[in-house]
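Numbering (our numbering), first residue to last: 1048 to 1326. Ideal placement from N, C-alpha and C gives every residue a C-beta, glycine not left out. Quantities reported herein were computed from a predicted structural model and do not represent experimental measurements.
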Ligand SMILES: [Fe+2]
């Protein structure tokens, strides 16, 4: 049977991808950031997940305002990095798992989560930066990937509670999959940041860390936080953090914190990293 072996939360700051691609990870600005990722990489190298379900948002790359799915599941066999204006990130093609993807689709939709299913999909930094965080710069990614894309760009995004419940439905779907595979789930985005307007550059470290504490110990409470509170406290793009609730919902009610790291600023963003394990 399929088994959930890890939950990862990570910001998906595009500058992290650029630092990896340009060989800057040992420069003074970046060294502490990448050192903070090492324990995650070491543990994932031990766990060796077969499949990573990566919950992310598309930044008007593949999806634009002509089509805004609230939740979209990538069920294709591969996903090329999207050209975000500087050429596609120089990272391996992301290999999918159509058999598992269609199992998830069937289970989730019959469990009353009506996802958009996407056969053809290119993936932007929202998905590929978390892979770089977790696995560095391999010749090919060491796992298959199921993209789960959430609209947090165009109002209205889903509620935190809807994300938590989707995570729980995802867990039911994974537990019902008969193949003997190890599955890791990534919630990405956030933490506090705002890219434009009067409050551009906003970072709220104290709020982020309380939010992380509660995500671990009391996700129902985090799921009830309103969009307005998140916008006020974490900035307009900080709302991306609701995607971590899908990851949290797919784990047991009580989890072990295998690794936690927080660093500000990374680019103009608060960087947060969590590795949670069941039991
Ligand atoms: Fe983002």
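Relative to ligand 1, residue 1054 has its C-beta separated by 8 angstroms or more from all heavy atoms. Secondary structure remark: continuous alpha helix (DSSP H) runs of at least 4 residues inside the segment 1170-1247, in chain order: 1172-1182 and 1207-1222. Residue pairing of residue 1324 in beta bridges, as defined by DSSP: 1303. The segment 1276-1286 and the segment 1305-1313 do not touch, with fewer than three beta-carbon pairs separated by less than 8 angstroms. Between residue 1169 and residue 1118, the gap from beta carbon to beta carbon reaches 9 angstroms or more.
About 10 angstroms separates the beta carbon of residue 1295 from that of residue 1207, a gap too long to meet the 8 angstroms contact definition. At a cut-off of 8 angstroms, the beta-carbon of residue 1129 does not count as near ligand 1: no heavy atom of the ligand is closer than that. Relative to residue 1266, the option among 1302, 1240 and 1062 whose CA is nearest is 1302.
Within the chosen limit of 8 angstroms, ligand 1 does not reach the beta carbon of residue 1274 with any heavy atom. For residue 1252, same chain residues with a beta-carbon under 8 angstroms away, outside a window of 5 residues either side, are 1239, 1309, 1311 and 1317 in chain order. Around the beta carbon of residue 1178, 16 or more other beta carbons sit within 10 angstroms, so the residue counts as buried. Between residue 1096 and residue 1230, the gap from beta carbon to beta carbon is short of 9 angstroms. Nearest neighbour of residue 1135 by Cα position, chosen from 1161, 1108 and 1147, turns out to be 1108. For the 9 angstroms CB-CB criterion, residue 1321 and residue 1211 do not form a contact. Of the heavy atoms belonging to ligand 1, at least one sits nearer than 8 angstroms to the Cβ of residue 1104.
A straight-line Cα-Cα distance of about 14 angstroms links residue 1156 and residue 1116. At a threshold of 8 angstroms, residue 1306 does not count as near ligand 1, since its beta carbon sits no closer than that to any of the ligand's heavy atoms.
The Cβ neighbour count for residue 1166, taken over all protein chains shown within 10 Å, is under 16; the residue is labelled exposed. Exclusion of residue 1310 from the 8 angstroms shell around ligand 1 follows from its C-beta lying no nearer than that to any non-hydrogen atom of the ligand. In the same chain as residue 1232, and ignoring 5 residues on each side of it, the C-beta atoms closer than 6 angstroms to its own belong to 1054, 1100, 1294 and 1297, in chain order. Per DSSP, residue 1067 lies in no beta strand (DSSP E); the unbroken alpha helix (DSSP H) holding it starts and ends at 1061-1068. Scanning its chain for C-beta atoms nearer than 6 angstroms, with the 5 sequence neighbours on each side dropped, one finds around residue 1248 the residues 1315, in chain order.
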